[in-house]
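Student: Before I ask anything, let me first share the structure, which is written out below as structure tokens.
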Amino acid sequence: MDSKHVFGGVVAAFLFGFVVLYSSRGRENIKASEKNRSKKTLESSGNGVCRSNFAGNTDVIIVGAGVAGSALAYALAKDGWRVQVIERDLTEPDRIVGELLHAGGCIKLAELGLEDCLDGIDSQIVFSFAAVHKDGRRTAISYPSNACSRSFHHGRFIQKLREKAASLPNVKLEQGTVTSLVEENGSIKGVLYKTKAGQELAASASLTIVCDGCFSNLRRNLCNPKIEVPSYFGGLVLENYNLPYANRAYFILKDSIVVTYPISSNEIRCFVDVPGSKQPPISNGEMASYLKTVVAPQMPPELHNAFICAIEKGNIRTMPNRIMAASPSPTPGAFMIGDSLNMRHAVTGGGMTVGLSDVVLLRDLLRPLNDLRDGAAICKYLESFDILRKPTAFAINTLASTLHTVFSSSDQDPSRKEMKEAFFNYLSLGGVFSEGLMALLSGLNPAPLSLVFHCFAMLAYAVGRLLLPFPTPKRVCIAAKLILVGLGIIFPILKAEGIRATFFPVTMPAYYRTPPVQSTDERETGK
Ligand SMILES: Cc1cc2nc3c(=O)[nH]c(=O)nc-3n(C[C@H](O)[C@H](O)[C@H](O)COP(=O)(O)OP(=O)(O)OC[C@H]3O[C@@H](n4cnc5c(N)ncnc54)[C@H](O)[C@@H]3O)c2cc1C
């Protein structure tokens, strides 16, 4: 290690120590106020086991049985709610999304009692990531505390979740395409949907939860969506190929960003980030040629041949990376979770972790209620959801955007090039630095302050590297520009996520919402 690295490491370590002290104090305060909050919740909500007493009616309609919808259906039905799930296509999905569930997401899955959905689908354990630098240097990034993630075929996992939900007697899972929400006097009363046979039907429930994914048609009724598409992912499967390091994923951070991880015992998913809001077309061979001429030379030797074989086989698929901050308009009788509510860049594979974490939170918020008929009161109460989900969503969303923005920027600009170098070297510092970032991006440590301080530690590290051993005027200029570029990357992301709600949740009135008081004569155990 040269003096630059040592200095950078010392600066980063100093800042990190400060973060740990500061954020642990912050966390204690938040924990204390959460304790008070949940105590208040229990006091005002009765015994929390009663459910609505109007037999035959549906409590909750869930639109979409993807990751969030299926998990939510199971969680709510387990709590005694009568749930109707309407899914456009109940056959096994064949998609290139949602194939790696980070350690934090696995914990949420277990909290929902759904951990066995990872069994019997040839899912793989991923212990660590190898980050590969432009010059061939590699660094291993592990999860903290020997945690690990699981990767699999998306469709197999979804079918397991659906089977689990449908196994409960109070879940009705049916195939149909929801065409609209039914509104009456400003409240959502249910949905209109079309069956496979083309029959138009209506369904009503006290609460309709929209989980129709990234291409949601229904979200425009419940928020004002502002969607950004910074890049596309070109997806390939490298078949019958054993990586030299088992149970390891790759972040290849060269001129292109490439992410790979096993999805079964003999298949590796490979995603190539294609920057810009337009992709080279697949049909005329432009995409294949781009992958062969631009990306293949950047692949590590152990992946190169399998990558070329996969391109030649021709099964290239693409998906847009869509980013959308959560900004729901509270609407009585309706709610949104999953990608219909909030999307982030897929480079860190955080979507399912955020979705499952939202499912746990929503289930817990609904738990103290007896029935869901008072749409206005429940809508007001559920305003707290947006605040309480922030720590997890913020950490995962922000890190995904930051990582993508830094590593997809051009090397032409010396300050951006320096930032890329510093980010990679920061990851190489190992220990609390790389594990700290992994804990944040995997949902294991939902601590926004920790993320902000990692960002500033990285900036300080980058500046330290530039100014040592002698701060020449040229290097001072680059350092100043680097600070501006760094702040220019992080502040818009922070702003989109909502600075006040993220860092000062206790100043938000919605944080203190308690369950509406429901009269005891309406109560009956629905379980
Ligand atoms: C390229 C790419 C790769 C990704 N990789 C990962 C990863 O490795 N790990 C990770 O955690 N996340 C990943 N994500 C994100 C992840 O896939 C999503 O966050 C997650 O699938 C969201 O779950 P969801 O339930 O909200 O939506 P979905 O899983 O998309 O489910 C939506 C469901 O709603 C149904 N539906 C839609 N419209 C209607 C309608 N009108 N009526 C009835 N049903 C309807 C659909 O058929 C679908 O079943 C990736 C995203 C992309 C784009």
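Sequential numbering from 1 applies to the sequence shown in UniProt numbering.
Virtual Cβ for every residue (Gly too), placed ideally from N, Cα, C.
If you're wondering where the values come from, they're calculated on a predicted model, not measured in any experiment.
1) To the nearest angstrom, how far is the alpha carbon of G351 from that of F394?
2) How would you label H102, buried or exposed, when you count the other beta carbons within 10 angstroms and need 16 or more for buried?
3) Could you tell me if the beta carbon of L441 falls within a distance shorter than 7 angstroms of some heavy atom in ligand 1?
4) In three-state DSSP terms, what is F152?
5) Measuring straight from C-alpha to C-alpha, what distance separates G498 and S327?
6) Apart from the five residues just before and just after L222, which ones in its own chain have a Cβ nearer than 7 angstroms to its Cβ?
7) Where residue 584 and V506 are concerned, what is the direct C-alpha to C-alpha distance, given to the nearest angstrom?
8) Going by DSSP in three states, G355 sits in which element: helix, strand or coil?
9) Got a sec, what are the start and stop residues for the beta strand (DSSP E) F233 sits in?
10) Thinking C-beta only, is G234 closer than 8 angstroms to M287?
11) Given a cut-off of 8 angstroms, decide if G436 and T353 are closer than it, judged by their beta-carbon atoms.
12) Start and end of the beta strand (DSSP E) containing E183?
13) First and last residue of the beta strand (DSSP E) that includes D133?
14) Kindly indicate if chain D contains any beta-carbon less than 8 angstroms away from that of T177.
15) Is the distance from the Cβ of Y261 to the Cβ of V126 below 8 angstroms?
16) Determine the direct distance from the alpha carbon of C148 to that of T58, and round the result to whole angstroms.
17) Tell me the residue span of the beta strand (DSSP E) that contains A140.
18) Might you give, ordered along the chain, the residues of its own chain that have their beta carbon closer than 7 angstroms to the beta carbon of T502, omitting 5 neighbours on each side?
19) Cα separation between L482 and T318?
20) Counting Cβ pairs, one atom from each stretch, are 3 or more of them under 8 angstroms apart for the stretch 98-115 and the stretch 184-197?
21) Report all residues from its chain with a CB closer than 6 angstroms to the CB of S206; omit the five preceding and five following residues, and keep chain order.
22) Between V178, S231, D212 and L303, which has its C-alpha nearest N240's C-alpha?
23) Ligand 1 and D94: does the residue's C-beta get closer than 7 angstroms to at least one heavy atom of that ligand?
24) Return yes when at least one heavy atom of ligand 1 lies under 7 angstroms from the C-beta of C214, else no.
25) Please list the terminal residues of the continuous alpha helix (DSSP H) segment that includes R465.
26) Could you name the residues of the same chain whose beta carbon sits closer than 8 angstroms to that of A376, not counting the 5 residues immediately before and after it, in chain order?
27) Between which residues of its own chain and S45 is the CB-CB distance below 6 angstroms, once the five residues before and five after are set aside?
28) Using the DSSP secondary-structure output, state which residues sit across from N321 in a beta bridge.
29) Would you say F233 touches ligand 1, meaning its beta carbon is less than 7 angstroms from a heavy atom?
30) What number of angstroms, rounded off, separates the C-alpha of I282 from the C-alpha of G276?
31) Is any heavy atom in ligand 1 found nearer than 7 angstroms to the beta carbon of C106?
32) What residues match up with L201 in a beta bridge as DSSP calls it?
33) Quick check on the burial criterion: 16 or more other C-beta atoms within 10 angstroms. Buried or exposed for N266?
34) Which residues mark the beginning and the end of the alpha helix (DSSP H) in which D386 is found?
35) Whose C-alpha, out of N342, Q175 and H154, is nearest the C-alpha of I263?
Tutor: The structure says:
1) Here residue 351 corresponds to residue number 351 of the sequence shown, with the count starting at 1. Here residue 394 corresponds to residue number 394 of the sequence shown, with the count starting at 1. Those two C-alpha atoms are separated by around 12 angstroms.
2) As a working note, residue 102 is residue 102 in the sequence shown. The residue in question, H102, is buried, as its Cβ has 16 or more Cβ neighbours within 10 Å.
3) Numbered from its first residue, the sequence shown carries residue 441 at position 441. Of the heavy atoms belonging to ligand 1, none sits nearer than 7 angstroms to the Cβ of L441.
4) Your numbering for residue 152 matches position 152 in the sequence shown. Looking at F152 - three-state DSSP - the assignment turns out to be coil, as it is neither helix nor strand.
5) Sequence index remark: in the sequence shown, residue 498 carries index 498 (1-based). Sequence index remark: in the sequence shown, residue 327 carries index 327 (1-based). Rounded to the nearest whole angstrom, the CA to CA distance from G498 to S327 is 10 angstroms.
6) Residue mapping note: residue 222 aligns to position 222 of the sequence shown, counting from 1. Close CB contacts of L222 within its chain, under the 7 angstroms cut and outside five residues either way in sequence, are with V210, P328, S329, T331, A334 and M336 (chain order).
7) The question about residue 584 has no answer, for the chain in this structure spans 1 to 527.
8) Within the sequence shown, numbered from 1, the residue matching residue 355 stands at position 355. Helix at G355.
9) Taking the first residue of the sequence shown as position 1, residue 233 is located at position 233. Membership of F233 in the beta strand (DSSP E) is indicated by the continuous run E228 to E239.
10) One-based indexing of the sequence shown puts residue 287 at position 287. One-based indexing of the sequence shown puts residue 234 at position 234. Contact: yes.
11) In the sequence shown, the residue the question calls residue 353 occupies position 353. In the sequence shown, the residue the question calls residue 436 occupies position 436. Taking C-beta atoms as the reference points, T353 and G436 fail to come closer than 8 angstroms.
12) In the sequence shown, the residue the question calls residue 183 occupies position 183. Per DSSP, E183 belongs to the beta strand (DSSP E) from T177 to E184.
13) In the sequence shown, residue 133 corresponds to position 133, counting from 1. Looking at the sequence shown, residue 133 is not Asp but His. In the DSSP annotation of this structure, the continuous segment of the beta strand (DSSP E) that includes H133 starts and ends at S128 to H133.
14) Structure shown: chain D not included; a single protein chain is present.
15) For the purposes of this step, residue 261 is taken as the residue at position 261 of the sequence shown. For the purposes of this step, residue 126 is taken as the residue at position 126 of the sequence shown. Annotated as proximal: Y261 and V126, with beta-carbon spacing under 8 angstroms.
16) Locating residue 58 in the sequence shown gives position 58, where the first residue counts as 1. Locating residue 148 in the sequence shown gives position 148, where the first residue counts as 1. Taking the straight line from one Cα to the other gives about 38 angstroms.
17) If you number the sequence shown from 1, residue 140 lands on position 140. R138 to S142 is the extent of the beta strand (DSSP E) around A140.
18) Taking the sequence shown and counting its residues from 1, the one referred to as residue 502 is at position 502. Within the same chain, T502 has close Cβ partners K390, F394 and P448.
19) Numbered from its first residue, the sequence shown carries residue 482 at position 482. Numbered from its first residue, the sequence shown carries residue 318 at position 318. Using only the alpha carbons, I get a separation of about 33 angstroms.
20) Contact fails: fewer than three Cβ-Cβ distances are below 8 angstroms.
21) Counting from one through the sequence shown, the residue named residue 206 turns up at place 206. Cβ neighbours of S206 beyond the five flanking positions: D59, L372 and R373.
22) The residue labelled residue 240 in the question sits at position 240 within the sequence shown. Looking at the Cα atoms, L303 is the closest of the given residues.
23) The residue labelled residue 94 in the question sits at position 94 within the sequence shown. No; taking the cut-off as 7 angstroms, the Cβ of D94 has no heavy atom of ligand 1 nearer than that.
24) Along the sequence shown, read from residue 1 onward, the residue named residue 214 stands at position 214. Yes, the beta carbon of C214 sits closer than 7 angstroms to at least one heavy atom of ligand 1.
25) Against the sequence shown, residue 465 aligns to sequence position 465. In this chain, the alpha helix (DSSP H) harbouring R465 covers P448 to L467.
26) By one-based count along the sequence shown, residue 376 stands at place 376. Excluding positions up to five away in sequence, the list reads S187 and P332.
27) On the sequence shown, residue 45 is found 45 positions in, with the first residue counted as 1. With a pLDDT of only 26 at S45, under 50, the local geometry of the prediction cannot be trusted, and the value read off the model is given with reservation. Once the five neighbours on either side are set aside, the close Cβ partners of S45 are P368 and P515.
28) Indexing the sequence shown from 1 puts residue 321 at position 321. In the DSSP secondary-structure assignment, N321 is bridged to S231.
29) Your numbering for residue 233 matches position 233 in the sequence shown. Yes, the Cβ of F233 comes within 7 angstroms of a heavy atom of ligand 1.
30) On the sequence shown, residue 282 is found 282 positions in, with the first residue counted as 1. On the sequence shown, residue 276 is found 276 positions in, with the first residue counted as 1. Their Cα atoms are separated by approximately 16 angstroms.
31) Locating residue 106 in the sequence shown gives position 106, where the first residue counts as 1. Not under cutoff, so the answer is no.
32) The count along the sequence shown starts at 1 and reaches residue 201 at position 201. The partner list for L201 (beta bridge, DSSP) reads Y193.
33) For this step, residue 266 is matched to residue 266 along the sequence shown. Exposed.
34) Residue numbering aside, residue 386 sits at position 386 when the sequence shown is read from its first letter. Looking at the DSSP string, the run of the alpha helix (DSSP H) that includes D386 is E383 to L388.
35) For the purposes of this step, residue 263 is taken as the residue at position 263 of the sequence shown. For I263, the nearest C-alpha among the options comes from H154.
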